[in-house]
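For reference, the structure is listed below as structure tokens.
Residue numbers (the working numbering): 240 to 483.
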């Protein structure tokens with residue numbers, strides 16, 4: 240797909256748009272090198288709140304879930320990759336729903352049954368999901384292996400890993416079992432609300448960019464930058480795993 244699109248015309252507006260998206264993706268990737276913004280990390284104030292709160296607090300957990308998704312750059316990069324070449328809303332809805340099902344299932348079940356995965360390993364896998372999707376958008380698998388992996392299955396599977404990333408972090412905070420189930424459900428509702436907000440913002444930006452003459456030309460650069468961001472996240476997390 241991308242090789243065909245790259246034959247399109249370009250202009251000054253396209254160049255500017257491509258450069259802006261490149262630096263946005265690169266900046267998001269560099270954030271993965273900062274200890275203060277670890278993937279799935281919870282703000283210090285929110286962390287203390289989660290550890291101390293007891294009973295059913297639906298609004299509070301809904302807010303925390305939405306905040307996590309809107310500020311979760313790893314989720315946003317993956318979502319950007321997923322919808323990059325999707326133009327019809329029904330197609331976007333299918334893929335986003337698959338990601339949400341996977342993310343919700345492992346987040347809820349992981350916390351409820353206390354299934355935790357080393358946070359460095361799971362976050363490295365999440366970085367891999369960004370790399371995988373960027374390579375998919377670049378048509379790499381067709382050129383390398385001669386076939387196209389099932390994109391719906393990949394979205395669902397990586398959604399499962401994204402959910403385990405969050406559940407592993409929540410388990411570390413030992414939240415109170417009092418009101419656990421309704422609080423987790425509220426948190427998940429917040430995550431989905433945050434995902435819709437983030438997706439809406441991404442689609443607005445993509446909508447304007449796709450109308451420029453150079454979208455086809457600079458789509459390649461954007462996906463290479465996205466892949467680089469994923470590799471940075473993988474490298475940072477694996478380094479943390481071996482030196483921790």
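Beta carbons: idealized from backbone N, C-alpha and C, even for Gly.
Rounded C-beta distance between residue i and residue j? I'm assuming under 8 Å.
i, j, result
"residue 367", "residue 473", "6 Å"
"residue 402", "residue 345", "3 Å"
"residue 301", "residue 426", "7 Å"
"residue 477", "residue 359", "7 Å"
"residue 335", "residue 465", "Not really, about 17 Å apart at Cβ, beyond 8 Å."
"residue 398", "residue 304", "Contact doesn't hold; Cβ gap of about 15 Å is too wide."
"residue 394", "residue 338", "5 Å"
"residue 392", "residue 469", "19 Å between Cβ atoms; not a contact."
Please state whether DSSP places residue i in a helix, a strand or coil.
i, result
"residue 483", "coil"
"residue 382", "helix"
"residue 275", "At residue 275 the pLDDT is 42, less than 50, meaning the model places this residue with poor confidence; the figure from the coordinates comes in the next sentence. Three-state DSSP puts residue 275 in a helix."
"residue 294", "coil"
"residue 287", "helix"
"residue 474", "helix"
"residue 320", "helix"
"residue 311", "coil"
Can you list, in chain order, the residues of its chain whose CB lies under 8 Å from that of residue i, leaving out five sequence neighbours each side?
i, result
"residue 442", "322, 331"
"residue 407", "279, 349, 355, 356, 357, 358, 361"
Can you give me the Cβ contacts of residue i inside the same chain, cut-off strictly under 6 Å, excluding the 5 residues immediately before and after it?
i, result
"residue 364", "400"
"residue 418", "294, 295"
"residue 409", "350"
"residue 415", "293"
Taking the runs of the beta strand (DSSP E) that are 3 residues or longer, which of them lie wholly in the segment 403 to 465? none
Unbroken stretches of the alpha helix (DSSP H), 4 residues or longer, contained in the segment 325 to 408: 328 to 351, 358 to 376, 379 to 384
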